[in-house]
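Position one of the sequence shown corresponds to residue 675 (this note's numbering), numbered consecutively onward.
Note that the Cβ used here is the ideal one computed from N, Cα and C, for glycine as well.
These figures come from a predicted structure and were not determined experimentally.
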Amino acid sequence: MECPVCQTEMVPPGPGGGRYWCTCGRVAAAGETAVDIEIRERMRRETLDLLDHAIALRGGSRAPSLKEDPEMGQQMQTRGCSACGGTMYKTVEVDENNQVTGESQFVCSNSSCGNVE
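Structure representation (structure tokens):
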């Protein structure tokens, strides 16, 4: 399978299955078109941009006072990546009763995989 951006052969999946991948970070399942690959890449980049923004917002140098602590919170969930066997993570927003109010997609932490589920 050829990478639609690099115009080079993508590395095939290993014996355990998974996806083709390119050194530019793009991944593809067998039979996917260039459009499918670019849609996944756009979604992956948007997810990483949102994560970078969230990390920047949480990176303040001062500790909040108890009055500033929100009633809601955020949890991180992890699981194994079906494409490369690495670790996938997602954020889960919870309310004061620890009930889920929103969640992101799982994103593989392996930069050469980029799997999003």
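Among the options, the one whose alpha carbon lies nearest that of residue i
{"i": "C787", "options": "V709, G759 and E767", "result": "G759"}
{"i": "C680", "options": "R716, T775 and C696", "result": "C696"}
{"i": "P678", "options": "T707, C755 and P686", "result": "T707"}
{"i": "E676", "options": "E720, C698 and S785", "result": "C698"}
{"i": "S765", "options": "S785, L722 and N784", "result": "This sequence places Thr at residue 765; Ser is not what is there. With distances taken between Cα atoms, T765 lies closest to L722."}
{"i": "G691", "options": "T682, E777 and C755", "result": "C755"}
Reduced DSSP category for residue i - H, G, I as helix; E, B as strand; rest coil
{"i": "A730", "result": "helix"}
{"i": "E712", "result": "helix"}
{"i": "R700", "result": "coil"}
{"i": "M675", "result": "coil"}
{"i": "P750", "result": "Per the sequence shown, residue 750 should be read as Met rather than Pro. In this structure, M750 counts as strand in the three-state DSSP scheme."}
{"i": "T765", "result": "strand"}
{"i": "E770", "result": "coil"}
Whole-angstrom distance between residue j and residue i, CA atom to CA atom
{"i": "N771", "j": "Q748", "result": "12 Å"}
{"i": "V709", "j": "M762", "result": "24 Å"}
{"i": "R716", "j": "G688", "result": "24 Å"}
{"i": "Q779", "j": "A757", "result": "15 Å"}
{"i": "C775", "j": "D769", "result": "In the sequence as displayed, the identity of residue 775 is Thr instead of Cys. Their backbone Cα atoms lie some 6 Å apart in a straight line."}
{"i": "V790", "j": "M684", "result": "18 Å"}
Exposure of residue i, with buried meaning 16 or more beta-carbon neighbours within 10 Å
{"i": "M662", "result": "Absent from the structure is residue 662, since the part of the chain shown begins at 675 and ends at 791."}
{"i": "R718", "result": "buried"}
{"i": "R732", "result": "exposed"}
{"i": "R693", "result": "buried"}
{"i": "R753", "result": "exposed"}
{"i": "I711", "result": "buried"}
{"i": "C782", "result": "buried"}
{"i": "K741", "result": "Low confidence applies to K741: its pLDDT is 47, below 50, so where it sits in the model is not reliable enough to give any reading."}
Min CB distance residue i to chain C below 9 Å
{"i": "R719", "result": "Among the chains of the structure shown, chain C does not appear; only one protein chain is present."}
Below 8 Å, can you find three or more Cβ-Cβ pairs linking the stretch 696 to 705 to the stretch 721 to 732?
-> no
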